[in-house]
Every structure is written in C-alpha cells, then in structure tokens.
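In mature numbering (1 follows the signal peptide of the UniProt record, and there is no 0), the protein residues as written are -23 to -1, 1 to 160.
If you want it as structure tokens, here you go:
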C-alpha cells in the first residue's frame, strides 16, 4: 500500500513540475494589445522563422526575418528532403518600409529587401555569408502586413500573436550587413 501512495505522490509531483515549467516558458509569450513606436516586437515564431519588427518615428519600419535558426545540419537536410528542394538554405532578411496608422490598424508596406544566405548551419554561427542580395522596390506583388489593434494584435487575416522582444534591430542596411563576414 505504501508503494501505491508513493507512486501517487510521485505522479502528482511530476504533474506540478510540468505545469510550472509550462507556465514559466509561456510567461514572455503573452500577446500585446498595443504597438508603440521605437519598441521591437516579434511575430509568433513558426517553423524555423522568427520575424521581428520595429516602427520608427518617421513612419518607417524595419523587419528582420530569421530563416536561419536550424539547430543542426541534419535538421536543415531533413527540411530539404521533406520539401524535395535542395536549394533551401539558411537566410536572414532585412526589410525596410513605411507604415500608416488609423484607429484600429497599422498598414505596413515593404519598400526594400536585403538578405544574406549561408551555405550551411555551421556558417550561420560563424556569420560567414555565401550570398547577399538587395532588392529595391520590393513591393512588387503588393506585399504588406496589416496589424489589427482591436483586442490583441493580429497579422493580416492570420491570428499570429505579437509579443514584445528585447532584440535590438539594426538601424540601417549597412549596420545589418556589417555583422557578417563574406565567403
């Protein structure tokens, strides 16, 4: 009988631990309900992409899309295999654009894109870039984001959470590119 009681206590203890770990890990992922100029925010991360953005005082914004967060080369190779696309490479995008704001919405229109690509996962951690591309007039296909500020912030028609971030974004394309070495 004592072993059943011990097992029950052990199961309860494990349950409490799992609950506490889960609560602590979700603490910083509370969706915001306002967007402030000069603050950095993050769209709810998905797959291997994390998107950060910051609205600036002059109605411009910057956005960084990090598609280079593969933990291992095997993870990248698996993504290539699953998508039957060997051209998938780690990539980080730096987007600049303009925004307008009305009572419930922020309309973000991209204007320029600069991205860096890496040959493999090891090069990402070493910041060794294999390719740099720059595209002005990036809004060719009417790409834009609409942030809905009514209850919580949502992105376009997708219900992505927007959370505050401590990430520091580069102030310019030159500052973005200066962090990398070129192969």
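Glycine included, each C-beta is placed from N, C-alpha and C at the ideal position.
Other residues of its chain near residue i: CB distance less than 8 Å, five sequence neighbours each side excluded
| i | result |
| --- | --- |
| residue 100 | 67, 106, 107 and 160 |
| residue 104 | 156, 157 and 158 |
| residue 14 | 32, 33 and 34 |
| residue 65 | 53, 56 and 57 |
| residue 150 | 71, 73, 89, 91 and 111 |
Check whether residue i and residue j have beta carbons under 8 Å apart
| i | j | result |
| --- | --- | --- |
| residue 71 | residue 36 | no |
| residue 20 | residue 137 | yes |
| residue 86 | residue 74 | yes |
| residue 93 | residue 69 | yes |
Where residue i falls, given that 16 or more other Cβ within 10 Å makes a residue buried
| i | result |
| --- | --- |
| residue 91 | buried |
| residue 114 | exposed |
| residue 109 | exposed |
| residue 31 | buried |
| residue 49 | exposed |
| residue 60 | exposed |
| residue 143 | exposed |
Close-in-space but distant-in-sequence residues of the same chain around residue i (CB under 7 Å, 5 per side omitted)
| i | result |
| --- | --- |
| residue -3 | Its pLDDT being 47, under 50, residue -3 is placed unreliably in this model, and the coordinates cannot settle the point. |
Close-in-space but distant-in-sequence residues of the same chain around residue i (CB under 6 Å, 5 per side omitted)
| i | result |
| --- | --- |
| residue 96 | 107 |
Let me know the beta strand (DSSP E) ranges lying completely inside the stretch 54 to 127, each 3 residues or longer, listed in chain order. Correct list: 68 to 78, 82 to 94, 108 to 113 and 122 to 125.
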